Structures are given as structure tokens and as C-alpha cells.
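In case it helps, this note's numbering puts the sequence shown at residues 6 to 180.
Accompanying notes for the structure given below.
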Amino acid sequence: MRIRPPHPAELPLLQDVERAAGERFREVGMAEIAADEPPPLDELEEYRRAGRAWVATEGGRGDADGDPSIVAYLLADLIDGNLHVEQVSVHPGAARRGVGRALLEHLATVARAAGVPALTLTTFADVPWNAPYYERCGFRRLAADEITPELRAVREREAAHGLDRWPRVCMRREV
Numbered sequence: 006m007r008i009r010p011p012h013p014a015e016l017p018l019l020q021d022v023e024r025a026a027g028e029r030f031r032e033v034g035m036a037e038i039a040a041d042e043p044p045p046l047d048e049l050e051e052y053r054r055a056g057r058a059w060v061a062t063e064g065g066r067g068d069a070d071g072d073p074s075i076v077a078y079l080l081a082d083l084i085d086g087n088l089h090v091e092q093v094s095v096h097p098g099a100a101r102r103g104v105g106r107a108l109l110e111h112l113a114t115v116a117r118a119a120g121v122p123a124l125t126l127t128t129f130a131d132v133p134w135n136a137p138y139y140e141r142c143g144f145r146r147l148a149a150d151e152i153t154p155e156l157r158a159v160r161e162r163e164a165a166h167g168l169d170r171w172p173r174v175c176m177r178r179e180v
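Have a look at this one:
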């Protein structure tokens with residue numbers, strides 16, 4: 006497996022990975038989440054240009070022309086001085102092989118190198134591959150009084166998007 010920034014021509018592949026990964030939500034009665042569209046290409050390009058997007062690839066060449074074997078991706082924002090996992094998606098064909106964990110570890114390495122103290126994220130509390138998974142990756146659930154202002158704003162946007170139909174949590178991992 007290799008982790009690297011995506012090439013511009015690969016951005017549609019990130020959308021494909023997210024659509025495939027989202028299908029798992031149908032299994033737990035969250036068809037609306039499965040049907041949610043991935044970020045548009047211009048938004049993905051903003052993350053790429055800002056240096057806050059990474060892909061995980063398996064096999065293939067991985068040269069400057071891109072690698073068709075993208076199996077996962079991660080997008081990050083800077084929220085309250087921490088690197089915030091905006092999105093991490095792993096194609097179901099690559100699930101349960103440590104790909105998501107490798108992307109999170111890569112982000113932790115980036116954070117340490119930049120002097121960023123922690124990683125944060127928001128996620129579904131009860132979906133097995135969400136909060137319980139992130140706890141196994143070293144994240145902890147934040148109490149209400151630990152949620153920072155910008156992280157609170159993220160949660161407000163998520164609620165406005167209808168994500169609070171299911172329990173959600175904010176999480177943090179020191180790096």
C-alpha cells in the first residue's frame with residue numbers, strides 16, 4: 006500500500022470510492038447516508054491544492070500519470086488548531102485490511118511534523134465502522150464541554166444537513 010496526494014485526474018475515482026463505501030450504510034438502515042453524494046470535483050480539487058487530501062493505493066504503477074488502484078482517501082481540515090478528518094472512505098473491496106488506519110496514521114504523522122496537537126473528527130456513534138472503529142484507532146469521544154467552537158460549528162452544519170437523525174459524536178486523538 007502507498008499513501009500519497011491524489012493527481013487532479015484521479016479526483017473522480019475518490020467520488021467512486023465514496024459511493025461504494027457509502028453502500029454499507031444500507032446494511033444498518035441508513036439508506037439516506039448511502040445515497041448522499043460525495044464532494045463535488047471542485048471541492049476535492051480545493052483539498053488537493055491545499056495539500057489536505059491523500060489516497061491509498063494498492064498495486065499499479067503509482068507514477069505521475071496516476072494510479073487506477075485507489076482504494077481509499079482522506080480529506081482533512083484545520084479546525085481549532087487541530088487536523089480534522091473531514092472524510093475518510095475505504096472501498097469495500099479493501100476493507101478490514103488496515104487501509105483506513107494507515108490513512109489516519111499518515112495524517113497523525115503530518116500533524117506531528119506541523120506541530121499540530123491532535124486529530125479530530127465527527128462520526129456516527131453506533132455504526133460499527135464509525136465511532137467504535139475510531140476508538141480502536143486511539144480516538145476518544147468528547148464530552149459536550151470539550152467541544153471547541155469550530156468543531157461545534159461543524160456539528161451544526163451536519164445537523165442542518167440532516168445527519169442528526171442518528172446519534173453522532175465528536176472525537177479527538179492526541180498526536
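A virtual CB, placed ideally from N, CA and C, is assigned to each residue, including glycine.
If you're wondering where the values come from, they're calculated on a predicted model, not measured in any experiment.
Closest by C-alpha distance to residue i, when choosing among the options
i	options	result
residue 22	101, 97, 31	97
residue 145	160, 154, 128, 157	128
residue 166	121, 120, 37	37
residue 153	141, 133, 174, 139	174
residue 14	123, 50, 126	50
residue 11	35, 33, 34, 74	74
residue 111	34, 64, 59, 132	59
residue 64	99, 55, 33	99
Three-state secondary structure (DSSP) of residue i
i	result
residue 38	helix
residue 63	coil
residue 111	helix
residue 174	strand
residue 93	strand
residue 47	helix
residue 85	coil
residue 160	helix
Separation of residue j from residue i, as counted between CA atoms
i	j	result
residue 108	residue 84	18 Å
residue 20	residue 45	8 Å
residue 168	residue 113	26 Å
residue 158	residue 137	23 Å
residue 94	residue 77	5 Å
residue 92	residue 42	13 Å
residue 66	residue 8	Any reading at residue 66 must be qualified, since the residue scores a pLDDT of 47, below 50, and its modelled position is unreliable; the value itself is stated next. Residue 66 and residue 8: Cα-Cα distance of roughly 13 Å.
residue 18	residue 147	33 Å
residue 104	residue 150	32 Å
residue 86	residue 162	19 Å
residue 6	residue 62	6 Å
residue 117	residue 180	6 Å
7 Å Cβ shell around residue i - same chain, five flanking residues per side excluded
i	result
residue 39	27, 28, 30, 31
residue 24	43
Other residues of its chain near residue i: CB distance less than 6 Å, five sequence neighbours each side excluded
i	result
residue 171	129
residue 82	89, 91
residue 57	81
residue 126	90, 176
Beta-carbon proximity list for residue i, same chain, < 8 Å, skipping 5 on both sides
i	result
residue 16	46, 49, 50, 53
Where are the beta strand (DSSP E) runs, 3 residues long or more, that stay fully inside the stretch 117 to 146, in chain order? 123 to 129
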